[in-house]
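For the sequence shown, UniProt numbering assigns the number 1 to the initial residue and increments by one for each residue that follows. Report on one structure; see the data block that follows.
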Amino acid sequence: MRRVVQLDLPQRLARLLPRWLTELLVAIAATGAFVGLRLMATPWLGGNAPFSLATLAMVLSALLAGWRSGVLSLLMGLGLIWYFVLPHENSLLASNGRTTFTIAVALFAQAFILAAIALYQREVRAGEIDRARRINFLGHALREMDHRTKNNFQIVTSLLVLQAGRSAHLEVQVALKEAAERLKAVAAVYDALAPSSQGLAAVRLQDQLQEIADQMRRGILPEGIRLETELDAMLVPHETAVSIGIIVNELVTNACKHAFPSGTGTITIRARKTDGGARIEVADDGSGFTPGAKKGGLGTRLVAAFARRMDATADVRSLAGAGTTHIITVPLRHR
């Protein structure tokens with residue numbers, strides 16, 4: 001019903017016909033169609049009230065082309081009844097005051113219906129205008145918040161990098177730069193926010209991981225090491241996206257530092273949809289190691305902590321000289 005009210009044929013056809021002409025044509029077409037249907041049904045319904053569907057024609061005209069079209073259809077319907085049905089038949093003369101009163105009552109009743117339709121249309125259109133205004137305002141507000149959030153991330157990241165450059169201690173420099181990369185991984189979530197049935201909390205995971213990969217290529221990735229991505233399109237909750245981003249950042253950083261003694265190799269980030277959620281892999285073709293023989297540093301503890309936060313399982317497959325694959329299986333209730 002709302003779609004019919006919003007149709008507004010005169011506005012849609014404004015480039016082809018003047019508004020008044022569209023209103024007139026709709027009134028004539030609707031009245032003619034309903035009167036024709038009633039006359040075609042005469043063999044089954046009899047000859048009484050041959051213009052009984054004229055009120056429906058008025059309603060349809062008002063819905064399709066506005067209240068003026070409804071008025072035109074109303075007048076045409078009453079004119080047909082006056083001329084062909086009421087005494088004197090085939091005449092515009094009223095036989096008595098009772099006939100005039102009957103016409104007046106019918107006119108008032110149909111005018112009341114028409115007024116109700118016009119008021120409803122006005123309220124619906126006013127509601128649509130207000131909703132569009134609110135959506136536009138919220139869109140501007142969200143874009144402004146997004147812009148300020150990204151700026152804040154960039155400021156903090158720049159301060160960390162600047163402080164790292166000023167420090168005389170190599171360990172401090174490395175720690176600050178790694179902290180800056182972690183912030184970039186979190187900031188990448190905001191570039192991948194996607195409107196969806198889940199609201200603004202949904203993130204396009206493929207876009208987020210691609211942004212993280214691009215940042216690492218521009219930043220910490222050493223020359224001679226390639227970073228590739230194989231990403232399925234999927235939406236994940238905002239909190240899950242943050243955890244996945246930090247985990248991927250830590251695993252790629254760790255591979256860059258430890259997996260390639262020769263200084264060359266390939267790291268691949270994969271994100272695959274599964275029946276129960278998502279499977280995230282960070283694989284390298286580096287030197288590998290014997291699982292259980294490697295001590296866990298801050299990066300390893302971060303990976304374990306954020307995996308627990310998502311109720312995810314973390315698995316490592318590695319052999320000395322055969323590369324390493326980290327597999328994070330993430331359950332997703334909403335994809």
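C-beta: ideal position from N, C-alpha, C; glycine also. Only a predicted model underlies this, so the values are computations on that prediction, with no experimental measurement involved.
{"query": "8 Å Cβ cutoff, Met310 in contact with chain C", "result": "The chain inventory of the structure shown lacks chain C, comprising one protein chain alone."}
{"query": "Assigned exposure category for Trp20 - 16 Cβ within 10 Å defines buried", "result": "exposed"}
{"query": "Ile220 beta carbon near the ligand FAD (any heavy atom closer than 7 Å)", "result": "Absence of the ligand FAD from the depicted structure is noted, as is the absence of any ligand whatsoever, leaving it without description."}
{"query": "Euclidean distance between Cα positions of Thr313 and Asp207", "result": "23 Å"}
{"query": "Val330 versus Ser262 - alpha carbon distance", "result": "33 Å"}
{"query": "Residue environment, Lys177, which counts as buried when at least 16 other CB atoms sit within 10 Å", "result": "buried"}
{"query": "Local conformation of Glu228 per DSSP, three classes", "result": "strand"}
{"query": "Met234 to Lys257 span [Cα, whole Å]", "result": "30 Å"}
{"query": "Residue closest to His326, alpha-carbon to alpha-carbon, out of Val124, Lys184, Ile28 and Asn254", "result": "Asn254"}
{"query": "Buried or exposed by the 16-neighbour rule on C-beta atoms within 10 Å, applied to Arg204", "result": "buried"}
{"query": "Integer-rounded CB distance, given that Phe289 should sit under 8 Å from Ala241", "result": "No, Ala241 and Phe289 are not in contact; Cβ-Cβ is about 29 Å, not under 8 Å."}
{"query": "Check whether Ile220 and Glu181 have beta carbons under 8 Å apart", "result": "yes"}
{"query": "The alpha helix (DSSP H) enclosing Ser167, as first and last residue numbers", "result": "Taken as a continuous stretch (DSSP letters only), Ser167 belongs to no alpha helix (DSSP H), as it is neither H nor E."}
{"query": "Rounded straight-line distance, which links the Cα of Val236 to that of Met145", "result": "21 Å"}
{"query": "Buried/exposed call for Pro10, threshold 16 Cβ in 10 Å", "result": "buried"}
{"query": "One or two residues paired with Pro331 in a DSSP bridge", "result": "Gly277"}
{"query": "Exposure of Lys184, with buried meaning 16 or more beta-carbon neighbours within 10 Å", "result": "buried"}
{"query": "For Ala202, the three-state DSSP class (helix, strand or coil)", "result": "strand"}
{"query": "Ala57 vs Ala14 beta-carbon contact at 8 Å", "result": "no"}
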